[in-house]
Each structure stands twice: as structure tokens, then as C-alpha cells.
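Chemist: In numbering that gives the first Met the number 0, the protein residues as written are 0 to 111.
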Amino acid sequence: MLIKKNKLAQELVIFENGKLALKFFEEQLGKQDPELPEVVLLDLNMPVMDGWEFLDEMETYAGKLKEEGLKINVVSSTINPVEVAKANSHDIVNSFITKPINKQAMIEAFSV
Numbered sequence: 000m001l002i003k004k005n006k007l008a009q010e011l012v013i014f015e016n017g018k019l020a021l022k023f024f025e026e027q028l029g030k031q032d033p034e035l036p037e038v039v040l041l042d043l044n045m046p047v048m049d050g051w052e053f054l055d056e057m058e059t060y061a062g063k064l065k066e067e068g069l070k071i072n073v074v075s076s077t078i079n080p081v082e083v084a085k086a087n088s089h090d091i092v093n094s095f096i097t098k099p100i101n102k103q104a105m106i107e108a109f110s111v
């Protein structure tokens with residue numbers, strides 16, 4: 000809702016679980032000219048494959064993701080500093096956003 004209301008993106012791609020998202024990225028990254036989103040909001044609590052597993056799998060593509068300018072923003076309700084540090088230790092993570100997400104955090108995620 001915040002994305003649409005503040006016109007932060009023209010198109011949204013939503014996946015029901017981490018495994019479907021990973022499949023999408025693997026298919027796109029295998030192409031000569033991948034069609035990737037500019038910003039990813041990654042919830043750590045997803046069914047089938049959680050956010051931690053997704054991040055671990057995506058690290059394989061870290062160089063290509065950075066080259067493409069992809070920004071992964073981890074979203075979680077946790078305030079545990081260990082989990083925040085763990086997320087930020089991934090090379091492909093742009094920021095850690097704590098739920099509930101406010102307008103300013105969303106704007107920053109899309110403008111970095």
C-alpha cells in the first residue's frame with residue numbers, strides 16, 4: 000500500500016514464498032539481459048524457503064546483482080541486534096527495515 004500510495008514503483012512483482020522468488024531470479028540471471036526489479040523487499044518469515052535461506056542462495060549471484068543495481072532490503076518484525084547484524088553481513092543486503100514499515104523507511108529503500 001505504501002509503495003502504490005507514494006508512487007515508488009510502476010510495477011510490483013510479488014512471490015508467495017522464497018522458493019518461487021529464487022526460481023524467478025535464477026531464470027532471469029541466466030539470461031543475457033535479465034529483467035530484474037530495482038528493489039526487493041525480503042521478509043524473513045516466508046513459507047517453503049525463508050528469507051535467510053533465500054539470502055544464502057542469492058549470495059551466489061552477488062556480483063551479478065550488484066552489477067545490475069539490485070537492492071535487497073530485509074524486512075522483519077525483529078529488533079534483535081544479532082539478526083539485524085546477520086542480515087547486514089550479507090553483501091547483497093542494502094538495508095534492514097523493521098516492521099511495521101513506515102513511509103520514510105519505504106522511501107529510503109526505494110531511493111538508495
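Built from N, CA and C at the ideal position, the CB exists for glycine as well.
In this text, all values refer to a predicted model and were calculated from it rather than measured experimentally.
Starting from I71, follow the alpha helix (DSSP H) in both directions and report where the run begins and ends.
Modeler: Taking the first residue of the sequence shown as 1, we reach residue 71 at position 72. That residue, I71, is in no alpha helix (DSSP H); its beta strand (DSSP E) goes K70 to S75.
Chemist: Since S88 sits in a beta bridge, which residues does DSSP pair it with?
Modeler: Here residue 88 refers to the residue found at position 89 when the sequence shown is read from its first residue. Its beta-bridge partners do not exist; DSSP assigns none.
Chemist: Is it the case that the segment 4–11 contacts the segment 48–63, given that we only count it when at least three CB pairs across the two stretches are under 8 Å?
Modeler: Cβ pair count under 8 Å is below three, so no.
Chemist: Give every residue of the same chain whose Cβ lies closer than 6 Å to the Cβ of Y60, excluding the five residues on either side of it in the sequence, and list them in chain order.
Modeler: If you number the sequence shown from 1, residue 60 lands on position 61. Excluding positions up to five away in sequence, the list reads L28.
Chemist: From what residue to what residue does the alpha helix (DSSP H) around D42 run?
Modeler: Position 43 of the sequence shown holds residue 42. Not the alpha helix (DSSP H): D42 falls in the beta strand (DSSP E), residues V38 to D42.
Chemist: Give the DSSP-derived three-state secondary structure of F14 in the structure shown.
Modeler: Position 15 of the sequence shown, counting from 1, holds the residue named residue 14. Coil at F14, not helix or strand.
Chemist: For G17, count the other beta carbons within 10 Å of its own beta carbon; 16 or more makes it buried, fewer makes it exposed. Which is it?
Modeler: Stepping through the sequence shown from its first residue, residue 17 is reached at position 18. So G17 counts as buried.
Chemist: How would you label K3, buried or exposed, when you count the other beta carbons within 10 angstroms and need 16 or more for buried?
Modeler: By one-based count along the sequence shown, residue 3 stands at place 4. Per the 10 Å Cβ criterion, exposed.
Chemist: Which of the three DSSP states, helix, strand or coil, is assigned to I96?
Modeler: Position 97 of the sequence shown, counted from the start, is the residue given in the question as residue 96. If DSSP states are grouped into helix, strand and coil, I96 belongs with the strands.
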